[in-house]
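Asks: Each residue of the sequence shown is one higher than the one before, starting from 4 at the first, in the working numbering.
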Amino acid sequence: MSDLIVKKVNITREDGQSEYSGPDFIRILICGGTGCNATERTAVKNTLVAEVDKRGLSDKVEIVETGCNGFCDIGPTLIVRPTGIFYVKVKSEDIPELVEEQIINNNPVERLFFEDPVSKKRIAKHQDLVREISSKMTRLISGHNS
Ligand code: FES
4 MSDLIVKKVN
14 ITREDGQSEY
24 SGPDFIRILI
34 CGGTGCNATE
44 RTAVKNTLVA
54 EVDKRGLSDK
64 VEIVETGCNG
74 FCDIGPTLIV
84 RPTGIFYVKV
94 KSEDIPELVE
104 EQIINNNPVE
114 RLFFEDPVSK
124 KRIAKHQDLV
134 REISSKMTRL
144 ISGHNS
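In structure tokens:
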């Protein structure tokens, strides 16, 4: 585990907020939007914070609450940066495995990826899921958008 942990580089941005970076620094974005809030998101977040702390990973993992990331009906959702791995329908009991596999072993937990209901294909990354859905959309109103 220790070889995965790099020094936290603490940079003060112009706005005074801390910005952490480094090749192995992980930022977990947990959706705090209304849809996810209607699920057990708060319990998931609390379990995640406790698990990261318990394993002594607080220096390499930052947990950030965000707004809606567009998949409210399959929340709670998490995005792991910098990889962009996207987890859906996360439950508190998933957190120990998620921390162990995703953060410590760098082995994403496939069973928590979005599963296309038709093809049954699992999609690992948020941007790939957005791209996949966008490619199936048909523009009904044409014109200039800008
Ligand atoms: S509220 Fe969480 S994805 Fe929309």
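Every residue gets a Cβ at the ideal spot worked out from N, C-alpha and C, and that includes glycine. The structure presented is a predicted model; accordingly, all values stated were derived computationally and were not measured.
#1: Using DSSP with H/G/I as helix, E/B as strand and the rest coil, what is V112?
#2: Can you find at least 3 beta carbon pairs, one from the segment 114-121 and one from the segment 54-70, that sit closer than 8 angstroms?
#3: Closer than 7 angstroms: is that where the CB of G87 sits relative to any heavy atom of the ligand FES?
#4: Beta carbon of I31, beta carbon of L51: below 8 angstroms?
#5: Do K128 and G78 have their C-beta atoms closer together than 8 angstroms?
#6: Give the C-beta separation of V91 and T80 to the nearest angstrom, bearing in mind that I take them to be a contact with Cβ-Cβ under 8 angstroms.
#7: Please indicate yes or no: does the CB of T80 lie closer than 7 angstroms to some heavy atom of the ligand FES?
#8: Identify every residue that forms a DSSP beta bridge with F117.
Replies: Considering the structure as presented:
#1: Against the sequence shown, residue 112 aligns to sequence position 109. In this structure, V112 counts as coil in the three-state DSSP scheme.
#2: no
#3: To locate residue 87, count along the sequence shown from 1; it is residue 84. Incorrect: G87 has no Cβ contact closer than 7 angstroms to the ligand FES.
#4: Locating residue 31 in the sequence shown gives position 28, counting from the first residue. Locating residue 51 in the sequence shown gives position 48, counting from the first residue. Going by C-beta atoms, I31 is nearer than 8 angstroms to L51.
#5: What you label residue 128 is simply residue 125 of the sequence shown in a count that begins at 1. What you label residue 78 is simply residue 75 of the sequence shown in a count that begins at 1. No.
#6: Here residue 91 is taken as the residue at index 88 of the sequence shown, counted from 1. Here residue 80 is taken as the residue at index 77 of the sequence shown, counted from 1. Indeed, because the Cβ distance is near 5 angstroms, the residues count as touching under 8 angstroms.
#7: For the purposes of this step, residue 80 is identified with residue 77 of the sequence shown, where counting begins at 1. Indeed, a heavy atom of the ligand FES lies less than 7 angstroms from the Cβ.
#8: The residue you call residue 117 lines up with position 114 of the sequence shown. F117 pairs with I126.
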